[in-house]
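When we follow our numbering, the leftmost residue of the sequence shown carries the number 192, and every step to the right adds one.
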Amino acid sequence: MHLRLLLFIWLLGTASAAQGAATLTTLATFNYSNGAIPEAALTLDAAANLYGTTVSGGTSGDGTVFELSNKHRILTTLTTFNHRNGANPYAGLMSDASGDLIGETATGGAGSFGTIFALSGTGHQALTTLVNFNSINGSDSYSTMTSDAAGNFYGTTYSGGTNNNGTVFELNGANHQTLTTLATFNSTNGKNPFAGLIAGANGGLYGTTYSGGTNGMGTVFELTGAGHKTVVTLANLGGENGKYTYGNVVSDAAGNLYGTTFQGGDNGDGTIFELSGSDRQTFTTLANFAGMNGSNPVAGLIIDAAGNLFGTTEKGGAKGDGTIFELSGSDHRTLTVLLDFNGNNGANPFASLTSDTAGNLYGTTASGGIDDDGTVFELTNSGFVVPEPSSYGFPATICIALLSFRRRTCPVAV
């Protein structure tokens, strides 16, 4: 009887949260000196501190890594980039087994092709360059890495490699300094992967490319085989089914993949799609963006315990400054705008959302706020159902279990 009462209270609370209006609170605004243009998803640690990056700003104008403390929501700059140690971190952060933060810069470093770095020590303020990209092994890494159960990291580079069309790499070794190129893109199998990867329970890695493929407008792919070196194209994007994807895919409990396209679809403003079937090659467009309900989603999606999908659009909405949305229903066909950005509360969100254990959502906007250099926000009463699945394809930066439960990977049921 006691258990039934607790379950009823939990369900009532969940229903109430879903029925109320979502509320956005601006936690921090950027002013260039403390960073500018945050484009990556946030990382949440066990103490509910948030960590992120800005593409520019800081002492040298080459970007920053910041912490937003849970207790007082004070923004602290952990490091500023100066080109020599890297520049322009578009990617978010990962945590390794020792608690160090691992990230990437798109440019700078020894050859100006970007770096992989670690922040260690008290307060995560000691920066070590782990890898300098050199074009041959990749360049211009925009995506947050993911990791497997053994602590190996996997990521993508937008350019570089044999054909200069981008790569997939593995980072391993005791000090995370051994980089291995797993695959290079050749346009036919995809070109310019902007997004990161998700690791499947079947051992495969899943990702997207911005362009290339049969139609030249992007692909969804799987890396299979020993050492993840075989690229299998799951879908070729183009026109009516959406084109040009910046975001990663996510997976539900059944192994279906979900993603967004930046353009294309019925209205040209982008789409949300599903890949289903045992081979994940059955493509279905679930929603078309049309301006007022959002336009041009850059970010990938996150999924809650009930299977609802949440995301952001860079543009569109009531003010044209972007939206936060939910895609719900048994067939994921009901698109609801949870919030319209208006400039003052932020504008142009590029990044995926991050959830805490209470179902609050956190994110960044690349512009807007007091100085128009971007914001960090919290969205409460969004209807996001927790506890979320143990995996279900969350990118590593937005898997709440990553740090809270000392996990270093987000395997998915695919």
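Even glycine gets a Cβ: it sits at the ideal position worked out from N, Cα and C.
- Our two residues, Leu396 and Glu413, have alpha carbons roughly 6 Å apart in a direct line.
- Contact between the stretch 323 to 332 and the stretch 297 to 310 is present: 3 or more CB-CB pairs across the two stretches fall below 8 Å.
- Boundaries of the beta strand (DSSP E) around Ser311: Thr306 to Ser311.
- Per DSSP, the unbroken beta strand (DSSP E) holding Ser467 starts and ends at Thr462 to Ser467.
- Counting the other CB atoms within 10 Å of its CB gives Asn276 a total of 16 or more, which places it among the buried residues.
- Annotated three-state conformation of Asn432 is helix, per DSSP.
- Beyond the five residues adjoining it in sequence on each side, Leu233 comes within less than 6 Å, by CB distance, of Leu241, Gly243, Thr545 and Tyr553 in the same chain, given in chain order.
- Rounded to whole angstroms, the gap between the alpha carbons of Leu266 and Gly403 is 40 Å.
- Counting the other CB atoms within 10 Å of its CB gives Ala549 a total below 16, which places it among the exposed residues.
- DSSP, read as helix, strand or coil, puts His274 in strand.
- Burial check for Lys262: the Cβ neighbour count within 10 Å stays below 16, so the residue is exposed.
- In the structure shown, Gly314 falls within a helical segment according to DSSP collapsed to helix, strand and coil.
- Phe360 has its alpha-carbon roughly 33 Å from the corresponding atom of Asn479.
- A contact is defined here as three or more CB-CB pairs under 8 Å, and the stretch 556 to 569 meets this definition with respect to the stretch 222 to 231.
- When the Cα atoms are used, Thr421 and Asn323 turn out to be separated by approximately 25 Å.
- Going by C-alpha positions, Asn366 is about 8 Å away from Leu321.
- The beta carbon of Tyr435 sits closer than 8 Å to the beta carbons of Tyr401, Ser402, Met408, Gly409, Leu428, Thr452, Phe453, Gln454 and Gly455 from its chain, once the five residues preceding and following it are set aside; these are given in chain order.
- Annotation for Thr571: the continuous beta strand (DSSP E) segment containing it runs Thr566 to Thr571.
- As computed with DSSP, Asn427 is found in a beta bridge with Thr410.
- Three or more beta-carbon pairs drawn from the stretch 507 to 517 and the stretch 528 to 542 are found closer than 8 Å, and the two stretches are therefore classed as touching.
- Counting along the chain, Ala490 sits inside no beta strand (DSSP E), nor does DSSP assign it H or E at all.
- At a Cβ-Cβ threshold of 8 Å, Asn487 and Glu505 count as neighbours.
- A Cβ-Cβ separation of about 19 Å leaves Thr424 out of contact with Gly491 under the 8 Å criterion.
- As summarised for the stretch 435 to 462, the continuous beta strand (DSSP E) elements at least 3 residues long and confined to that stretch are 448 to 452, given in chain order.
- With contacts defined as CB atoms closer than 8 Å, Thr375 and Thr399 fail to qualify as a contacting pair.
- In the same chain as Phe516, and ignoring 5 residues on each side of it, the C-beta atoms closer than 8 Å to its own belong to Asn484, Gly485, Phe501, Gly502, Thr503, Thr504, Leu526, Thr527, Val528 and Leu529, in chain order.
- In this chain, the beta strand (DSSP E) harbouring Ser519 covers Thr514 to Ser519.
- For Asn551, no beta strand (DSSP E) run applies, since DSSP gives it neither H nor E.
- The Cβ atoms of Thr571 and Thr214 sit closer than 8 Å to each other.
- Looking at the DSSP output, Tyr223 shares a beta bridge with Gly226.
- Annotation for Asp531: the continuous beta strand (DSSP E) segment containing it runs Thr525 to Asp531.
- Assignment of Phe474 by DSSP, reduced to helix, strand and coil, places it in the strand class.
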